[in-house]
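**Student:** In terms of our numbering, the sequence shown is residues 1 to 438.
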Amino acid sequence: MHFSIDKQTLDELNLLGKFRHDSVYHLFNRVKTRGGEQLLDKMFRHPLTDAAAINERSSIFRFFQQQQTSFPFDVQQINLMREYLDAQGSQNAVLVLAGTLVKKWLSALTRDERYKKMVQGLQATIITLNRCHSFVSSVQAAGSPYAQRINAISALLADKRLERLRNTDIYTALPLKTLAYYDHLLKSKLHQELEGILAFIYEVDVNITVSDVARSKGFNYATALSKDEDILKATGLCHPCIERAVGNTIFLHKNSNLLFLTGANMAGKSTLMKSIGIGLYLAHMGFPVAAAQLEFSVRDGLYSSINVADNIGLGYSHFYAEVVRVKQAAEAAASGKKLLLMFDELFKGTNVKDAYDGTLAVTQGFADYRECLFVISTHIIEVGEALKDRNNIHFVFMPTVMDGPFPRYTYQLQEGITEDRQGMMIIRNEGILELLNK
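Put into structure tokens, the structure is as follows:
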């Protein structure tokens, strides 16, 4: 089963985006190799949905973090090896020998560089195989979650044919027959094994990169629990892309499955919701999270409605776009999937009375889906008062502290429903009324 998440949620949480410097992907995209980047992209696009697989991946990252290993390979040599293996080869050894002879003649008679690239590719392969052998020999993997993978690569490298190749002196000109023999061997008989070694190198690249980010940022690893537990519990949870962010404690479970969040504009409600969504997504990837501790039962998917915009092409107003989004969420919740659903400022595109009635009705309706977890924010605090009889709703707020006439935001969650009403004070502080009365 795949993890359900739509484009709007991916965009609102800013999860993907190789060239967006503020994206979560960019935070981790410090890999050295093209294959490593492809693997990282695959991990970001396909979160795991099995608790054992999630915890295993996390344990591998933790193992590399403890090893504090630098990437031991030469990227240029890896690229040359990749190009060498991708070059077309023949299953017939005689044809390979004849082709090698032709390439050598052409290199002497013309500017044809295929023979030169062939030699460089084989040299790069030898260098990379030796680096790989040194790495797996030096890693203290016994009893670790990566021991099986290390042993498998060690067994590949122990092949007598690859062992002879590794012991070849790359600074001595190879006989043409030897060059042709290894070209046929590596591109035909041992092609799958060489692909496996490159895949291992890309894995190491990602493992070292992710663990280095965790160490440098002070991130920690989440613990995945079975779906049946219906828990999302975090301490010190914050947004991974915000420096010196304030951490908060979140606890949702089957008997308290809806977090009702109030607070003034700019108090940090949206950022908190994004922190929760990003934390859960990274946790499903087995990646480190920006939290002191995080435990979660595996979800089937994640759904958010934070920055809903109008749609001119479809003729949607902002309010109608909100209604469509809530309908999509209701259908997702009714499907029986175990989801995390987040809504920021429901129905802000309509009048206050309709927004109140809509927010109250939708929150009451969602709260009945105990298999799902919800975070709903609003600045219409009267809705919270009307929901106080629901024992599965947890009320929290982001406070505003007044320093004289100026608001200050702590970004630290408190229990209850906010009583902050500083809107007019902020308007006066900006001198808007004086400008209008001139």
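Where is the CB? At the ideal position from N, CA and C, for every residue including glycine.
These numbers were taken from a predicted model, which means no experiment stands behind them.
#1: Can you tell me whether Leu176 is helix, strand or coil according to DSSP?
#2: Identify, in the order they occur along the chain, each residue of the same chain with its Cβ nearer than 7 Å to the Cβ of Phe73, setting aside the five sequence neighbours on each side.
#3: Tell me, please, which residues DSSP counts as bridged to Ile231.
#4: Are the Cβ atoms of Asn207 and Phe61 separated by less than 9 Å?
#5: Which residue or residues does DSSP assign as beta-bridge partners of Gly301?
#6: With distances taken Cα to Cα, identify the nearest neighbour of Lys269 among Lys217, Glu203, Phe366, Leu346.
#7: Using DSSP with H/G/I as helix, E/B as strand and the rest coil, what is Arg408?
#8: Alpha carbon to alpha carbon, how far is Gln88 from Gly99?
#9: Taking Cβ positions, are Phe397 and Leu413 nearer each other than 9 Å?
#10: According to DSSP, Thr262 sits in a beta bridge with which residue or residues?
#11: By Cβ distance below 8 Å, which residues in the same chain neighbour Arg20 in space, the five residues on each side in sequence not counted?
#12: In angstroms, rounded to a whole number, what distance separates the CA positions of Arg408 and Pro399?
#13: Going along the chain, which residues of its own chain have a beta-carbon closer than 6 Å to the beta-carbon of Thr235, five neighbours each way excluded?
#14: Can you tell which of Lys337, Ala224, Ile393, Ser23 has the C-alpha that lies nearest to the C-alpha of Met1?
#15: When you compare the segment 74-83 with the segment 162-182, are there three or more beta-carbon pairs, one atom per stretch, that lie closer than 8 Å?
#16: Quick check on Thr168: does DSSP put it in helix, strand or coil?
#17: Determine the closest residue to Gly286 out of Arg325, Ser335, Asn220, Glu331, with distance taken between C-alpha atoms.
#18: Anyone know if the C-beta pair for Thr223 and Asn55 falls short of 9 Å?
#19: State buried or exposed for Thr410, treating a residue as buried only when at least 16 other CB atoms are found within 10 Å of its CB.
#20: Identify whether Asn248 lies in helix, strand or coil by the three-state DSSP scheme.
#21: For Asn391, which residues of its own chain have a beta-carbon under 6 Å away from its beta-carbon, when the five flanking residues on both sides are left out?
#22: Find the nearest neighbour of Ala290 within the set Gly17, Ala245, Ile231, Thr33, judged by alpha-carbon distance.
#23: What does a CB cutoff of less than 7 Å around Leu176 pick up in its chain, not counting 5 residues either side in sequence?
#24: List the DSSP bridge partners of Asn220.
#25: Return the chain-ordered list of same chain residues with a C-beta closer than 8 Å to the C-beta of Val136, the five sequence neighbours on each side being excluded.
#26: Measuring only from the beta carbon, is Lys337 closer than 8 Å to any heavy atom that is part of the ligand GTP?
#27: Tell me, to the nearest whole angstrom, how far the beta carbon of His394 is from that of Leu259; I am working on the premise that it is less than 8 Å.
#28: For a test of the three-state rule: what should DSSP assign to Asp354, helix, strand or coil?
#29: Using only the alpha-carbon positions, how far apart do Gly143 and Ala199 sit?
#30: In the DSSP output, which residue or residues are listed as bridge partners for Asp403?
#31: State buried or exposed for Pro405, treating a residue as buried only when at least 16 other CB atoms are found within 10 Å of its CB.
#32: Just reading off the alpha helix (DSSP H) that His133 is part of, what are its end residues?
#33: If you count every other CB in all the chains shown that lies within 10 Å of the CB of Ser304, and 16 or more means buried, which is it?
**Tutor:** Concretely, from the data shown:
#1: helix
#2: Thr128, Arg131, Ile201
#3: Beta-bridge pairing links Ile231 to His253.
#4: Inclusion of Asn207 and Phe61 in the CB contact set at 9 Å is warranted, their separation being smaller than that value.
#5: DSSP lists Ser4, Leu339 as partners of Gly301.
#6: Leu346
#7: strand
#8: Taking the straight line from one Cα to the other gives about 11 Å.
#9: yes
#10: The partner list for Thr262 (beta bridge, DSSP) reads Thr378, Phe397.
#11: Asn14, His26
#12: The straight-line gap from Cα to Cα measures roughly 9 Å.
#13: Thr249, Ala292, Gln293
#14: Nearest neighbour of Met1 by Cα position, chosen from Lys337, Ala224, Ile393, Ser23, turns out to be Lys337.
#15: no
#16: coil
#17: Asn220
#18: yes
#19: exposed
#20: strand
#21: No residues qualify anywhere along the chain.
#22: Ala245
#23: Result list for Leu176: Thr100, Leu101, Lys104, in chain order.
#24: Val289
#25: Around Val136: Ile150, Ile153, Ser154, Leu157.
#26: With respect to the ligand GTP, the structure offers nothing, as it holds no ligand at all.
#27: 5 Å
#28: In the three-state reduction of the DSSP assignment, Asp354 falls in the helix class, which pools H, G and I.
#29: 22 Å
#30: Phe406
#31: exposed
#32: 114-138
#33: buried
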